[in-house]
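Residue numbers (my numbering), protein chains in the order written: chain A, 1 to 254; chain B, 1001 to 1108.
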């Protein structure tokens, strides 16, 4: 078998607009888009809740759309709107979101070897859409396929599907949030959405310890100024989970 | 700071922050592998941060202490069990909101 050098796929095209049409028209893109639909639909309620949050923070429609379009992360959007309502300083909002966004480093590191043969342009595009759900969908395709450019087009299809439905859901929530009466306690939907994300993690003992430590800490530190309690409790929880994980490894190795 | 300006600043800052985090190991640290301790710690970011966010939304903290008697506490407990079993956002929302409305109606 002849040994070939790892080629670079999708080198910068001469006519980007034409190339874009080419990607969207490809079979891989269409397959990705359709494959992602059930996941995107399951996330609609979370998007609606994020939109309600933006409305509660007093954002206009443009602010709400800007938040969902550029940040493109439900938990970060919720953090931003909640801390805006609590009148936290800008630096605290950014720092809290930065700690929450640390998990994106994990996806970035896992994606990096898969996208290495692709062009810079593709890498930057893929990074924009990288999220919890897309990572899961993309990894199987990238692992299965030797055709990296096909996998990249597939990822673009998944990303487009999720991004478009996410904008629609957030906008629907924003519009609904301005008319739904407060007696419905719709703000309670926010912790419920997060519970749906966090409860399935409790199959792992260090994760349970991390959560319990963070939960106790956030109540004990509730009186910290400038909403610094979230940052402090989050760091305590992460430290607890990491220590428990290390201890478990030591125990297993004995 | 003006509220609209602050929202714009938050959108730009968080958008840039999230994009740079997503790009980190794909572009900036492409030649490096992640330090093992960091990789270990990152696994616990969602459990710790999401719980820190959830708890104050369910348990109100007054100057006298935490209020565990709110109907939101049992409703959230039920929703947590449903979430653990189903992993479904819609089922979790249905169980939690349904339980809260029922408890509020029973107390009224």
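Just so it is clear, CB atoms sit at the ideal spot from N, CA and C, and this is done for glycine as well.
| Check | Outcome |
| --- | --- |
| Alpha carbon of residue 142 of chain A to alpha carbon of residue 125 of chain A, nearest angstrom | 16 angstroms |
| Residues near residue 56 of chain A in its chain [Cβ-Cβ closer than 8 angstroms; skip 5 each side] | 81, 85, 177, 187 |
| Beta-carbon separation (whole angstroms), residue 211 of chain A vs residue 1051 of chain B, contact threshold 8 angstroms | 4 angstroms |
| Cutoff 8 angstroms: residue 1079 of chain B Cβ touching any chain A Cβ | yes |
| The alpha helix (DSSP H) enclosing residue 1060 of chain B, as first and last residue numbers | Taken as a continuous stretch (DSSP letters only), residue 1060 of chain B belongs to no alpha helix (DSSP H), being part of the beta strand (DSSP E) at 1060 to 1062. |
| Local Cβ density within 10 Å of residue 1033 of chain B, reported as buried at 16 or more and exposed below that | exposed |
| Cβ neighbour criterion (16 or more within 10 Å) applied to residue 1062 of chain B | exposed |
| Buried versus exposed, by CB contacts within 10 Å (16 or more), residue 87 of chain A | exposed |
| Residue 1095 of chain B versus B:1082, B:1104, B:1103, B:1106, residue with shortest Cα-Cα distance | B:1082 |
| Residues of the region 115 to 141 of chain A whose Cβ lies closer than 9 angstroms to any Cβ of chain B, in chain order | 115, 116, 120, 123, 124, 126, 127, 128, 129, 130, 131, 132 |
| Three-pair Cβ contact test at 8 angstroms for the region 59 to 70 of chain A versus the region 24 to 38 of chain A | no |
| Coil, strand or helix - residue 1096 of chain B by DSSP | helix |
| Residue from A:116, A:43, A:59, A:148 with nearest C-alpha to residue 132 of chain A | A:43 |
| Residue interval of the beta strand (DSSP E) (run including residue 58 of chain A) | That residue, residue 58 of chain A, is in no beta strand (DSSP E); it is neither H nor E in DSSP. |
| Per-residue contacts from residue 194 of chain A into chain B (C-beta, under 9 angstroms) | 1050, 1051, 1053, 1054, 1057 |
| Chain E contact for residue 1066 of chain B (CB, 8 angstroms cutoff) | Absent here is chain E; the protein component of the structure consists of chains A and B. |
| Residue 43 of chain A in three-state terms, based on DSSP | coil |
| Inter-residue Cα distance where the pair is residue 19 of chain A and residue 91 of chain A | 40 angstroms |
| CB contact check: residue 206 of chain A to chain B, cutoff 8 angstroms | yes |
| Residue 12 of chain A versus residue 72 of chain A: straight-line alpha-carbon distance, rounded | Note on residue 12 of chain A: pLDDT 49, under 50, position unreliable in the model; the coordinate value appears next. Their backbone Cα atoms lie some 26 angstroms apart in a straight line. |
| Range of the contiguous alpha helix (DSSP H) that encloses residue 151 of chain A | 148 to 177 |
| Contacts around residue 189 of chain A, its chain only, beta-carbon distance under 6 angstroms, and the 5 residues preceding and following it disregarded | 49 |
| Beta carbon proximity, residue 169 of chain A to chain B, threshold 8 angstroms | no |
| 8 angstroms contact criterion, which residue 128 of chain A and residue 1019 of chain B should meet: CB distance rounded | 6 angstroms |
| Residue 204 of chain A versus residue 242 of chain A: straight-line alpha-carbon distance, rounded | 12 angstroms |
| Any 3 or more C-beta pairs closer than 8 angstroms across the region 1067 to 1078 of chain B and the region 1012 to 1029 of chain B | no |
| Proximity test, Cβ basis, 8 angstroms: residue 1108 of chain B and chain A | no |
| Identity of the residue in A:94, A:22, A:32 nearest residue 1011 of chain B by Cα | A:94 |
| DSSP state of residue 204 of chain A mapped onto helix, strand, coil | coil |
| Same chain, Cβ closer than 6 angstroms to residue 218 of chain A, five either side skipped, listed in chain order | 229, 233 |
| Range covered by the alpha helix (DSSP H) that runs through residue 74 of chain A | 74 to 85 |
| Beta carbon proximity, residue 1073 of chain B to chain A, threshold 8 angstroms | no |
| Residue 169 of chain A and residue 53 of chain A closer than 8 angstroms at C-beta | no |
| Bridge-paired residues (DSSP) for residue 1066 of chain B | B:1061 |
| Within 8 angstroms of chain A by C-beta, residues of the region 1007 to 1021 of chain B in sequence order | 1007, 1008, 1009, 1010, 1011, 1012, 1013, 1014, 1015, 1017, 1018, 1019, 1021 |
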